[in-house]
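Novice: In order, the protein sequences belong to chains A and B. Going by the numbering used here, the first sequence opens with residue 256, and the numbers climb by one from there. Going by the numbering used here, the second sequence opens with residue 256, and the numbers climb by one from there. Quick reminder that beta carbons are idealized off the backbone N, C-alpha and C, glycines included.
2 protein chains.
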Amino acid sequence: MTLTNLNDKTLLVVGLGLIGGSFAMACKNHGSVGRVIGYDRDAESLKGAMARKLVDHAESDLMAAVQAADIIFIAVPILATRSILTLMQPHLKPGTVLTDAGSAKGMVVSDARAVLTVAQCARFVPGHPIAGAERSGVMAAKADLYVNHRIILTPMAETEQDAVAMVTQLWESIGSHIDIMAIDHHDDVLAATSHLPHLLAFNLVDTLAKNTENSEIFHYAAGGFRDFTRIAASDPTMWHDIFMANRKSVLLVMDQYLAELHQLRNAVAHADGDYMKSVFGNAKEARDHFSQILSDRQLKDE
Amino acid sequence: MTLTNLNDKTLLVVGLGLIGGSFAMACKNHGSVGRVIGYDRDAESLKGAMARKLVDHAESDLMAAVQAADIIFIAVPILATRSILTLMQPHLKPGTVLTDAGSAKGMVVSDARAVLTVAQCARFVPGHPIAGAERSGVMAAKADLYVNHRIILTPMAETEQDAVAMVTQLWESIGSHIDIMAIDHHDDVLAATSHLPHLLAFNLVDTLAKNTENSEIFHYAAGGFRDFTRIAASDPTMWHDIFMANRKSVLLVMDQYLAELHQLRNAVAHADGDYMKSVFGNAKEARDHFSQILSDRQLKDE
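Okay, here's the thing in C-alpha cells:
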C-alpha cells in the first residue's frame, strides 16, 4: 500500500470525548497530519481539548470546521450519527474522507446512505476501534488509547480504495492494527463477543441488586460476580445506544443463548448431570483451544 | 476467643488437591498444629504431597489416618462427601473436630447428619474457603492460597462452640479471615454471586463455540467476552458437582435472572429504550455504590 503524504492535510475530529479526544491527541502527537481541528457542541469539552492540547485548534462552528477538513473522524454517540452527518453534509469539500467510531456498522452505513451524496458515500470508511476505558469524556482522553489495539474497518461496496488506504494509514501512524470486515459480519461478531456479554452482565447485576440483601451479595462477591460487575460499570447511555443500533444481530445471538440457557436450567432442575458436563466440557475445551489466542496475542481488546 | 494449644494436635487433610494440599502446606509451614497427615486415595497425589513436603506424613490407609487425627479437614469433590464420611465415621476418635471445604453447605450438612452420630455431628464445622486458582491438583498447591481470603463457616445448630473456635483458630493461623453465616443463606449468596455467573459464562462460551465461525469469534473477543471465557476455564466436573449440590438455590436465582433476561430481550426486540436504560442504570448505580467494597477491600475473593 503506497503511503499518501498527509502533511498538508487537515484532520477534523467531531466529538471530543474519550474516543475522539484520544484519536486527536495521538494524531497530533505523532504529527500524522498537518493540522488537527476539534469540534464539540459542548463548550466545556472544547475548552478541555484546548487546555490539554489535544488539538491544534478547537472550533465551535461545525460548518467552518467541516469546510476546512480533508479527513473527518466522527466520534459522537452512535445514535447521533445521522443528525451530525446531516449537519455536515452540505459543507463537505469534494474528496474529503469520512470515517467514524461507531460500535455497530449496519446502522451507520444506512445513515450515511440516507444523508450523503453518492460521491460523498464513496469517501466514507466505516470504522470501529476496539478500545475503551472505564472513564469517559475529554479529560479521560489519552494518547496511547489505541496503541496495539485492533481497528475494524467495514468499507461499503461503493467506498473507494484510496479512502480506505488513507484511514488505514492514519490509524497505523498511531500504532493501531487494521482488520477489514464485512458490515453484517462485524455486527454479528460484535453482538456475540461484546454486546451480549454486556447485556448478560447488566442483567445479572440488576437482578441481584433488586434483592433485599444486595449489600451482602456485593460484600461476598466471589470471582465470577466481580468480573460481571466490572462489565456492568460501563456507561448505560452508550450501551443503550449500541443495543438500539445493533438490535437485529443482538436478538439473533441472544435467542440462541436463551434457548441454551433454558436447556441448562432444566438440566439443573432435573439433576441431568450429563447435560451439564457436556456444556461445561465444551465450553472449557473451546476456551482452552483458543486460550493461546486470548492470552498470548499482542493486540489488546478493551 | 481463647486460643487452644494445638501443638499436640494432629491434623488430617483428606484429599490432597489444590484446596487440601494448600491447607496442609500452610498449616505445616506455620506450625499451626503438632503434626500434619495427608490422605488421598490416589497414590500419585500422596507421592506428590510428600515430595513437595506439604505434609509430615502421607498415609494411604484412611482408617489409620482417621484414628490418629484430632482435627480433620475434608477437601474431596463435594459429591464424594457422604461416602468419605461413611468410610471415616467408625474410626473417629471421640471429640475429633471435622471441617470441610465444600462450595455448597446444605447438602454437606445433610450428608453429615445422615452418616455421623449425634456426638460426631456436634464436632462438625461446615466450611467454605472463598479461594481457588486456575490450576488444580496437588502440584498446584501453594502455601499462600488462603492468605487474606475469606473463609465462611456455617455451624449447625448442634455444632459445639469450641469446635467452631478451633477451626477458626486454625484458619486464622494461616492468615485467613472467618465469617460465620447461616447454612441456607450461604447457599443463596453463593448461588447468586458465584454459581449463577459460572453457569452464564459456561453457557455463553458453549453457545458461541457451536457457531461455525467460532475461531473468528474468539479471535475478535472484546473485553466482555474475555472475562466470560476466563470464568469458563474452570474445571467442568467440579462445577457439575457444585450445581448438583446446590440445585435449589441456583434454580431460585436463575429463574429470577431468566425472567429479567426475557424482559430485556423483549425490550431489545421492541426498541424499548426506557426499559434498557433503567436496567443498565440500576446495574451501574448498584455497581458504583459497592465499588468501594469491591476495589478497596483487602480481602481477596477468588
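1) Which same chain residues, not among the five before or five after residue 557(B), have their C-beta less than 7 Å away from its C-beta?
2) Which of the three DSSP states is assigned to residue 350(B) in this structure?
3) Restricting to Cα atoms, I'd like to know which of 391(B), 311(B), 302(B) is closest to residue 290(B).
4) Under the three-state reduction of DSSP, which class applies to residue 263(A): helix, strand or coil?
5) DSSP state of residue 332(A), grouped into three classes?
6) Any beta carbon of chain B sitting closer than 7 Å to that of residue 336(A)?
7) DSSP puts residue 379(A) in a beta bridge; with which residues?
8) Can you tell me the Cα-Cα spacing of residue 381(B) and residue 356(B), whole angstroms?
9) Could you list the residues in the segment 443 to 455 of chain A with a C-beta less than 9 Å from some C-beta on chain B, going in chain order?
10) When burial is assigned at 16 or more other CB atoms within 10 Å of the CB, is residue 558(B) buried or exposed?
11) With 16 as the cutoff for other CB atoms within 10 Å, does residue 559(A) come out buried or exposed?
12) Taking residue 461(B) as the reference, which of 344(B), 445(B), 484(B) has the closest Cα?
13) Could you check what DSSP says for residue 429(B) in three-state terms: helix, strand or coil?
14) If you draw a straight line from the alpha carbon of residue 501(A) to that of residue 505(B), how long is it in whole angstroms?
15) Among 296(A), 298(A), 358(A), 294(A), whose alpha-carbon lies nearest the alpha-carbon of residue 453(A)?
16) Can you tell me which of the three DSSP states residue 384(A) falls into?
17) Just to check, is the beta-carbon of residue 369(B) closer than 6 Å to a non-hydrogen atom of the ligand GTP?
18) In this structure, does DSSP put residue 258(B) in helix, strand or coil?
19) Residues of chain D with CB under 8 Å from residue 322(A), in chain order?
20) Just checking my contact of residue 269(B) with residue 327(B) at CB under 8 Å: how many whole Å lie between their CB atoms?
21) Opposite residue 290(B) in the DSSP bridges: which residues?
22) Taking the continuous beta strand (DSSP E) assigned at residue 314(B), which residues delimit it?
23) Do residue 364(B) and residue 336(B) have their C-beta atoms within less than 7 Å of each other?
24) May I ask you to list the residues that DSSP assigns as paired with residue 434(A)?
25) Just to make sure I have the definition right: I need the residues of chain B whose C-beta is within less than 8 Å of the C-beta of residue 462(A). Which are they?
Specialist: Put simply:
1) Only weak support exists for where residue 557(B) lies, its pLDDT of 47 falling under 50; the value from the coordinates is given anyway. Within the same chain, residue 557(B) has close Cβ partners 385, 386, 387.
2) coil
3) The closest CA to that of residue 290(B), considering only 391(B), 311(B), 302(B), is found on 311(B).
4) coil
5) coil
6) no
7) 353(A)
8) 7 Å
9) 443, 444, 445, 447, 448, 449, 450, 451, 452, 453, 454, 455
10) In this structure chain B extends from 256 to 557, so residue 558(B) is not present and cannot be described.
11) Within the shown structure, residues of chain A are numbered from 256 to 557, placing residue 559(A) beyond reach of any answer.
12) 484(B)
13) coil
14) 31 Å
15) 358(A)
16) strand
17) The ligand GTP is absent from the structure shown, which contains no ligands of any kind.
18) coil
19) Among the protein chains in the structure shown, which are A and B, there is no chain D.
20) 6 Å
21) 265(B)
22) 312 to 314
23) no
24) Note: residue 434(A) sits in a beta bridge opposite 407(A).
25) 508, 511, 512, 515
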